[in-house]
Amino acid sequence: MHAGPSDTTLPPGTAVRLDPRARAVDGGAVLLGGAPPRMLTLAPTARALLVDGTVTVADRTSARLARTLLDAGIAHPVAAPGAPGPGAVTVVVPVRDRTDGLARLLAALPPGLGGVVVGDDGSADPGALRRAVRAAGPVTVLRHERSRGPAAARNSGLAAARTDLVAFLDSDVVPEDGWLDPLLAAFADPAVGLAAPRIVALPPITGRLGRYEAVRSSLDLGPDPALVVPRSRVAYVPSAALLVRRAAAGPGFDEALHAAEDVEFELRLHAAGWRMRYVPAARVAHDHRTTLRAWAVRKAFYGTGAAPLAVRHPGSVPPMVLSPTSAAVAGLLLLARWWSVPAAAVVGAVAAGRLSRRLAVRHPVTTAARLVGLGAVGAVAQTADAVNRHYWPLTLLACVLSRRARRTVAAIAVAEGLLDWWRHRTRDARVRPRPVEHLVAHRIDDLAYGAGLWWGAWRHRTTAPLRPVTVRGATHRS
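Just so we're aligned, residue 1 is where the sequence shown starts under my numbering, counting upward by one.
Dropping the structure here:
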């Protein structure tokens, strides 16, 4: 079991700024946003402390407000006094036979680290690996005589570390210059147990799949900072690159899992009360798979991890998270009948009317309409994604049985794919993906992941990773 943080007090001088996605309504008395999305009602004292979207910790009241905003995921730290230095970090690299990648990674590590540990997970030629390590300077090698998986290799390094922080880096990544400092800044907050950088494509970027992965990799969680929270925009961070507080890591990764062990690790940290932050200002390049077979197999492999996660942590990794109203709106729109669009509008209007009577704000109708509208938009996006990704075997069956279903699914597949291209086309300034090739790759991506998802569900004899979760909106007063 993981023990939670013993201290959550933010140090004086910490500054937090509202997330760009957050929306202030009702004259600034209400904030919409966060992870997961919610409505945050601010008392007059809190509104006075929020200057140009920023709160600086100077006393107990401002510290409480900053903590509330951070824990809601509606603000992110922008100034963090007292951050640890590189000497507080031990780098742990799990590896099996990838000596060229290991040498490339070790050469890119910054000076002044507290230690470097390589977990040799049963390499066929341990001598070649040791020669690659020797060229990098003082590095500890811990060898497993037989392969036990990357989780076990990471755990061996974690057990050997003597610093407060441990950075896990896979052997197929290369940290960019300055990657460590933004991550260290996150640990000025004593409640933070894990911070992760943005994973970008390692150059050179070539080919159709290379361009697609540069803007749409499953490892790249985008340019915006976030609180890492299950069932939110950033629900997990990949173990390709993580910085973890050793006191939070507990026993480490579950060695029985060979897929999604990073997500399971993060779910345990979250349950224990540790905060986790996604810090895109820190960038680590990843050597993406770009041959069709290897790429598709990897996508399917990611899908197989959902079933064991859903069994161990019920409701934590659902294919969809919907409120009853947004589910009804999305379902009506999916019917694509002449009457279903006005019916969806009526459902939304009724829900907004009921919600407005429960909101203690100055403009309840406007605020309620905005909340219901945001929920409906999110539900439609999730539904379009699920039709092509999580539930494509059922979608295929519907298409076989119904001409109307074929038309609807074709329209959704094209529209969602092109919208996805538009949203991600500028994520990497080094490439300019073409709409059609992005659309085709995105559909193959979904088919491969969905195949892995259903295979994992069948293998574990469970429907848990296929079941949506219904939630109701949350409110909070500061």
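Every residue, glycine too, gets a C-beta built ideally from N, C-alpha and C.
**OP:** With DSSP collapsed to three states, give me the class of His438.
**Re:** Three-state DSSP puts His438 in a helix.
Original post:
Any chance the region 88-108 sits against the region 68-75, with 3 or more Cβ pairs inside 8 Å?
Top reply: Because the criterion of three Cβ pairs below 8 Å is not met, the region 88-108 and the region 68-75 do not touch.
Subject >> Cβ-based burial, Trp338 [other Cβ within 10 Å; buried from 16] >> reply: Trp338 is classed as exposed because its beta carbon has fewer than 16 other beta carbons within 10 Å across all chains shown.
**OP:** Could you tell me how far apart the beta carbons of Ala151 and Leu219 are, in whole angstroms, since I believe they sit closer than 8 Å?
**Re:** 17 Å between Cβ atoms; not a contact.
Subject >> Same chain, Cβ closer than 6 Å to Ala103, neighbours up to 5 away in sequence not counted >> reply: Excluding sequence neighbours, Ala103 sits near Ala132.
Original post:
Taking buried to mean at least 16 other C-beta atoms within 10 Å of its own C-beta, is Pro203 buried or exposed?
Top reply: Counting of Cβ neighbours within 10 angstroms places Pro203 among the exposed residues, the total staying below 16.
**OP:** Hey, could you find the ends of the beta strand (DSSP E) Ile199 is sitting in?
**Re:** Here the beta strand (DSSP E) through Ile199 covers 192-201.
Original post:
What number of angstroms, rounded off, separates the C-alpha of Arg354 from the C-alpha of Ala343?
Top reply: Cα to Cα, the separation comes out at about 17 Å.
Subject >> Counted within 10 angstroms of its Cβ, other Cβ atoms place Gly34 as buried (16 or more) or exposed >> reply: Buried, because 16 or more other Cβ atoms sit within 10 Å of the Cβ of Gly34.
Original post:
Is Val89 closer than 8 Å to Ala167 when the C-beta atoms are compared?
Top reply: Inclusion of Ala167 and Val89 in the CB contact set at 8 Å is warranted, their separation being smaller than that value.
Original post:
Does DSSP put Ala83 in a helix, in a strand, or in coil?
Top reply: If DSSP states are grouped into helix, strand and coil, Ala83 belongs with coil.
**OP:** Enumerate in chain order the residues of its own chain whose CB-to-CB distance from Gly378 is below 7 Å, with the five nearest sequence positions on each side excluded.
**Re:** Result list for Gly378: Ser326, in chain order.
**OP:** Inspect the beta-carbon positions of Ala191 and Arg275 and report whether they are closer than 8 Å.
**Re:** Contact flag set, yes.
Original post:
Of the choices Val116, Val117, Asp189, Ala159, whose alpha-carbon is the least far from that of Ala83?
Top reply: Minimum Cα distance to Ala83 is reached at Asp189.
Original post:
Which two residues bound the contiguous beta strand (DSSP E) that contains Ala241?
Top reply: In this chain, the beta strand (DSSP E) harbouring Ala241 covers 241-245.
Original post:
Would Glu266 be called buried (16 or more neighbouring beta carbons within 10 Å of its own) or exposed?
Top reply: Looking at its Cβ environment, which holds 16 or more other Cβ atoms inside 10 Å, Glu266 is buried.
Original post:
Roughly how far, in whole angstroms, is the beta-carbon of Val372 from the beta-carbon of Gly348, given that I think they are within contact range, below 8 Å?
Top reply: Taking the Cβ atoms as the reference, Val372 lies roughly 5 Å from Gly348, within the contact range of under 8 Å.
**OP:** Starting from the C-beta of Gly375, find all residues in its chain whose C-beta is less than 6 Å away, skip the five residues before and the five after it, and write them out in chain order.
**Re:** Once the five neighbours on either side are set aside, the close Cβ partners of Gly375 are Ser323, Ser326.
Original post:
For Arg389, does the count of other Cβ atoms within 10 angstroms reach 16, so buried, or fall short, so exposed?
Top reply: Residue environment: Arg389 is assigned as buried (16 or more neighbouring CB atoms within 10 Å of its CB, all protein chains considered).
Original post:
Among Ala153, Ala259, Ala300, Phe301, which has the Cα closest to the Cα of Pro251?
Top reply: Minimum Cα distance to Pro251 is reached at Ala153.
Original post:
At which residue ranges does the region 134-197 contain complete beta strand (DSSP E) runs of 3 or more residues, listed in the order of the chain?
Top reply: 140-144, 165-169, 173-175, all fully within the region 134-197.
**OP:** Flag this pair as touching only if the region 308-321 and the region 464-472 have three or more C-beta atom pairs under 8 Å; answer yes or no.
**Re:** Yes: the two stretches touch, three or more of their Cβ pairs being nearer than 8 Å.
Subject >> Entirely enclosed alpha helix (DSSP H) segments - the region 38-104, minimum 4 residues >> reply: If you keep only unbroken alpha helix (DSSP H) runs of at least 4 residues inside the region 38-104, you get 44-49, 60-71.
Original post:
Do the CB positions of Ala310 and Thr462 come within less than 8 Å of each other?
Top reply: Yes.
Subject >> Cβ pair Leu105, Leu169 closer than 8 Å >> reply: Going by beta carbons, Leu105 and Leu169 fall inside the 8 Å limit.
**OP:** With a threshold of 16 other CB atoms inside 10 Å of the CB of Arg432, please say whether the residue is buried or exposed.
**Re:** Per the 10 Å Cβ criterion, exposed.
Original post:
Is Pro280 helix, strand or coil by DSSP?
Top reply: Of the three classes helix, strand and coil, the one that applies to Pro280 here is strand, per DSSP.
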